[in-house]
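Visitor: Shown below is the structure under consideration.
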Amino acid sequence: QNPPPPLRTGSETEEPLEKASQWARAPHEWITQRVDIVRGFVASDLSDYVMRFSMLLLGAYTLYLAWCESCKADYLAYLAGVGEALLDFVTLTRGSLSGATVAVCLSVWLLTVRWMR
Numbered sequence: 001q002n003p004p005p006p007l008r009t010g011s012e013t014e015e016p017l018e019k020a021s022q023w024a025r026a027p028h029e030w031i032t033q034r035v036d037i038v039r040g041f042v043a044s045d046l047s048d049y050v051m052r053f054s055m056l057l058l059g060a061y062t063l064y065l066a067w068c069e070s071c072k073a074d075y076l077a078y079l080a081g082v083g084e085a086l087l088d089f090v091t092l093t094r095g096s097l098s099g100a101t102v103a104v105c106l107s108v109w110l111l112t113v114r115w116m117r
């Protein structure tokens with residue numbers, strides 16, 4: 001193991017501390033250039049673009065379907081069902097179809113993420 005460094009005495013001259021504004025004005029070198037980051041983001045294959053476009057269309061279609069004044073009671077019932085399913089899942093309620101559905105969906109999602117990596 002390396003020995004500890006010697007202690008400084010008060011007689012040594014210390015360099016003045018750099019202020020934050022001086023540090024911010026000084027040029028800094030980054031590991032990657034901004035152009036490299038943008039180039040890496042843009043360099044995707046066709047399937048990546050198709051997935052992004054599909055998700056965008058699916059999100060827009062979801063908003064289109066949700067924009068309905070007469071459907072608010074249905075949405076509240078749906079959210080209540082989802083809340084009940086999550087509560088059944090968290091409380092480990094046996095024989096609950098909604099809790100089992102959440103468990104299966106969660107396991108399929110996690111297995112898919114694990115398999116894709």
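Just so we're aligned: the sequence shown equals residues 1 to 117 in the numbering used here. Virtual Cβ for every residue (Gly too), placed ideally from N, Cα, C. In this text the structure is predicted, and so the values were computed from the model without any measurement.
Which term fits ASP122, buried or exposed, when burial requires 16 or more other beta carbons within 10 angstroms of its beta carbon?
Guide: Not covered by the structure: residue 122. The range shown for the chain is 1 to 117.
Visitor: Is the beta carbon of ASP88 less than 8 Å from the beta carbon of GLY81?
Guide: Here ASP88 is not near GLY81, since their CB atoms are 8 Å or more apart.
Visitor: Tell me whether the beta-carbon of ALA85 lies closer than 8 Å to the beta-carbon of THR101.
Guide: yes
Visitor: Let me know the secondary structure DSSP gives THR93 once reduced to three states.
Guide: In the structure shown, THR93 falls within a coil segment according to DSSP collapsed to helix, strand and coil.
Visitor: I need the boundaries of the alpha helix (DSSP H) containing ASP48, first residue and last residue.
Guide: 46-66
Visitor: In the structure shown, what three-state DSSP assignment does LYS19 receive?
Guide: coil
Visitor: Once the 5 residues before and after LEU92 are set aside, which same chain residues still bring their CB inside 8 Å of it?
Guide: GLY99
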